[in-house]
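Visitor:
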Amino acid sequence: MGKGEPVGVQTVLVPDPGPGEVVVKVQACGVCHTDLHYREGGINDEFPFLLGHEAAGVVEQVGEGVHNVSPGEFVILNWRAVCGQCRACRRGRPWYCFDTFNAAQPMTLASGQPLSPALGIGAFAEKTLVHSGQCTPVDPRVRPEVAGLLGCGVMAGLGAAINTGGVGRGDTVAVIGCGGVGGAAVAGAVLAGASKVIAVDVDQRKLDWATGFGATHTLNAREGGDVVARVQELTGGFGADVVIDAVGRPETWKQAFYARDLAGTVVLVGVPTPDMRLELPLIDFFSRGGSLKSSWYGDCLPSRDFPLLVDLHLQGRLPLEKFVTEQIALDQVEQSFERMQRGDVLRSVVVFD
Numbered sequence: 001m002g003k004g005e006p007v008g009v010q011t012v013l014v015p016d017p018g019p020g021e022v023v024v025k026v027q028a029c030g031v032c033h034t035d036l037h038y039r040e041g042g043i044n045d046e047f048p049f050l051l052g053h054e055a056a057g058v059v060e061q062v063g064e065g066v067h068n069v070s071p072g073e074f075v076i077l078n079w080r081a082v083c084g085q086c087r088a089c090r091r092g093r094p095w096y097c098f099d100t101f102n103a104a105q106p107m108t109l110a111s112g113q114p115l116s117p118a119l120g121i122g123a124f125a126e127k128t129l130v131h132s133g134q135c136t137p138v139d140p141r142v143r144p145e146v147a148g149l150l151g152c153g154v155m156a157g158l159g160a161a162i163n164t165g166g167v168g169r170g171d172t173v174a175v176i177g178c179g180g181v182g183g184a185a186v187a188g189a190v191l192a193g194a195s196k197v198i199a200v201d202v203d204q205r206k207l208d209w210a211t212g213f214g215a216t217h218t219l220n221a222r223e224g225g226d227v228v229a230r231v232q233e234l235t236g237g238f239g240a241d242v243v244i245d246a247v248g249r250p251e252t253w254k255q256a257f258y259a260r261d262l263a264g265t266v267v268l269v270g271v272p273t274p275d276m277r278l279e280l281p282l283i284d285f286f287s288r289g290g291s292l293k294s295s296w297y298g299d300c301l302p303s304r305d306f307p308l309l310v311d312l313h314l315q316g317r318l319p320l321e322k323f324v325t326e327q328i329a330l331d332q333v334e335q336s337f338e339r340m341q342r343g344d345v346l347r348s349v350v351v352f353d
């Protein structure tokens with residue numbers, strides 16, 4: 001596969017695990033917008049890629065020195081296996097780890113050409129090779145197609161609300177952009193006990209999805225009226241305590257900035273492109289106070305967050321199943337990209353027999 005070319009199915013050779021490595025039999029893997037970015041060359045140019053990273057499956061083999069997982073365990077894969085030794089880890093902030101692990105050995109095509117696994121995982125395959133730290137055991141009663149979504153987009157949104165934004169009981173929250181990540185931010189705000197959750201989007205379908213995740217109010221930005229003023233109107237004229245930008249564009253970030261209450265919090269979880277720029281009066285930064293944050297992977301610690309969120313799902317308190325729009329076969333990924341670009345799905349999930 002070259003830049004911008006349609007994805008295809010090919011034979012992948014997966015080596016036996018070396019020290020610290022694990023082979024996982026993949027049971028399900030979500031189709032994330034990041035996979036499309038890889039295909040388009042938006043991440044790097046290390047083609048060919050083995051796409052797929054929102055995955056869950058069963059550990060099949062472990063290499064020397066692996067003690068955190070065993071063959072037969074059901075795991076969710078994550079792309080930030082913390083090192084435990086860098087300056088962030090040593091300061092007790094492992095979710096900021098600056099030296100995360102991936103498998104040392106490459107997976108290859110039948111020709112021997114090495115593949116670049118998306119986010120160090122590469123799970124659009126029946127089996128994949130990862131570092132043992134990329135495997136988080138969770139309750140095996142959870143369905144794989146649901147569990148795997150915590151591996152990226154859903155965790156990013158949930159964590160943006162709970163971990164980065166610190167949403168608490170009684171807070172008012174606005175979420176701008178209500179696709180998969182924004183929808184998860186809505187669900188996270190509801191889970192954290194927010195009293196009012198305002199979903200903002202230009203697509204009525206996404207607003208309907210957000211309502212299903214617990215949004216108390218929806219604003220369609222295409223219907224006219226200033227978004228900032230409308231959020232303020234719904235929050236007693238003050239603005240929201242936490243505003244989450246799940247789009248990642250200068251115009252949506254500015255809306256988030258001005259739609260928050262004094263001393264409120266802005267969380268950027270949508271990923272901007274390198275060419276985007278912001279220009280704001282510096283006095284506005286000073287006079288409004290509060291916090292301006294970016295959220296990496298929902299500032300999650302997989303070993304802490306994945307089991308907890310799976311347990312909440314199994315208790316019926318976190319409707320992860322609502323993110324799964326469709327289940328598809330591996331050879332339907334290209335078509336799922338097209339549906340994603342049209343906004344027809346929250347998540348397509350590849351399910352393996």
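Using the UniProt record's numbering, read the sequence shown as starting at 1 and increasing by one per residue. Backbone N, C-alpha and C define an ideal beta-carbon position, used for all residues, glycine too. All values derive from a computational prediction rather than experimental measurement.
Below 8 Å between beta carbons: does that hold for A103 and L129?
Guide: Cβ distance < 8 Å, so A103 and L129 count as in contact.
Visitor: Find out if the Cβ-Cβ distance for the pair E326, V350 is shorter than 8 Å.
Guide: no
Visitor: Going by DSSP, what residues sit across from N220 in a beta bridge?
Guide: Its beta-bridge partners are D201.
Visitor: Quick check on T265: does DSSP put it in helix, strand or coil?
Guide: Judged by DSSP in its simplified three-state form, T265 adopts strand.
Visitor: Do you know offhand how far F306's Cα is from G42's?
Guide: The alpha-carbon atoms of F306 and G42 are separated by roughly 28 Å.
Visitor: I need the boundaries of the beta strand (DSSP E) containing F74, first residue and last residue.
Guide: Annotation for F74: the continuous beta strand (DSSP E) segment containing it runs 74-77.
Visitor: Give me, in chain order, the residues of the same chain whose beta-carbon lies closer than 6 Å to that of R169; leave out the 5 immediate sequence neighbours on both sides.
Guide: G193
Visitor: Give the DSSP-derived three-state secondary structure of F337 in the structure shown.
Guide: Under the three-state reduction of DSSP, F337 is assigned to helix.
Visitor: If we ignore side chains and look at the alpha-carbon of each, how far apart do N78 and S132 end up?
Guide: 10 Å
Visitor: Any idea what DSSP makes of F213, helix, strand or coil?
Guide: For F213, the three-state secondary structure derived from DSSP is coil.
Visitor: If you pair each beta-carbon of the region 307-315 with each one of the region 272-290, do three or more pairs fall below 8 Å?
Guide: no
Visitor: Reducing DSSP to helix, strand and coil, say where S287 ends up.
Guide: The answer is helix: DSSP assigns S287 an H, G or I state.
Visitor: Under 8 Å by Cβ, that's how I've got K293 and T164 pegged, so tell me the actual separation to the nearest angstrom.
Guide: Indeed they touch by this definition, with Cβ atoms about 5 Å apart.
Visitor: Hey, could you find the ends of the beta strand (DSSP E) L129 is sitting in?
Guide: 127-131
Visitor: Taking Cβ to Cβ, would you say V227 is nearer than 8 Å to A259?
Guide: yes
Visitor: Please name the residue, chosen from V231, F124, D275, that lies closest to K196 on a Cα-to-Cα basis.
Guide: Ranking V231, F124, D275 by Cα distance to K196 puts V231 first.
Visitor: Per DSSP, E21 forms a beta bridge with which residues?
Guide: H131
Visitor: On the criterion of 16 or more Cβ atoms from any shown chain inside 10 Å, does G183 qualify as buried, or is it exposed?
Guide: buried
Visitor: Under the three-state reduction of DSSP, which class applies to R116: helix, strand or coil?
Guide: Contrary to the premise, residue 116 reads as Ser rather than Arg in this sequence. Three-state DSSP puts S116 in a strand.
Visitor: Examine the Cβ distances between the region 21-35 and the region 82-92 and report whether three or more of them are shorter than 8 Å.
Guide: Output reads no: the region 82-92 does not touch the region 21-35.
Visitor: Of all the options A246, A263, E60, which has the alpha carbon lying nearest to the alpha carbon of Q27?
Guide: The shortest CA-to-CA distance from Q27 to any of A246, A263, E60 is the one to E60.
Visitor: Note down the Cα distance separating R277 from P48, rounded to an integer number of angstroms.
Guide: Each residue's Cα considered, the two are about 31 Å apart.
Visitor: For K206, which three-state DSSP category applies?
Guide: helix
Visitor: Would you call the CB atoms of A246 and G188 closer than 8 Å?
Guide: no
Visitor: If you compare alpha carbons, which of I162, V69, N68, P17 is closest to P106?
Guide: Considering only alpha carbons, the answer is P17.
Visitor: Can you give me the C-alpha to C-alpha distance between V243 and L13, rounded to a whole angstrom?
Guide: 45 Å
Visitor: Using a Cβ-Cβ cutoff of less than 6 Å, which residues in the same chain neighbour E73 once the five nearest sequence positions on both sides are dropped?
Guide: Counting only Cβ-Cβ distances below 6 Å, and skipping sequence neighbours, we find V59, P137.
Visitor: What residues in its chain sit with their C-beta under 6 Å from that of S295, if we drop five residues either side in the sequence?
Guide: A160, T164, V267, V269
Visitor: Assuming S291 contacts T265 (C-beta within less than 8 Å), just tell me the rounded distance between them.
Guide: About 4 Å; that satisfies the 8 Å criterion.
Visitor: Buried or exposed: where does T34 fall if 16 or more other Cβ atoms within 10 Å of its Cβ makes it buried?
Guide: buried
Visitor: Taking the beta carbon of D241 as the centre, do at least 16 other beta carbons fall within 10 Å, making it buried, or is it exposed?
Guide: buried
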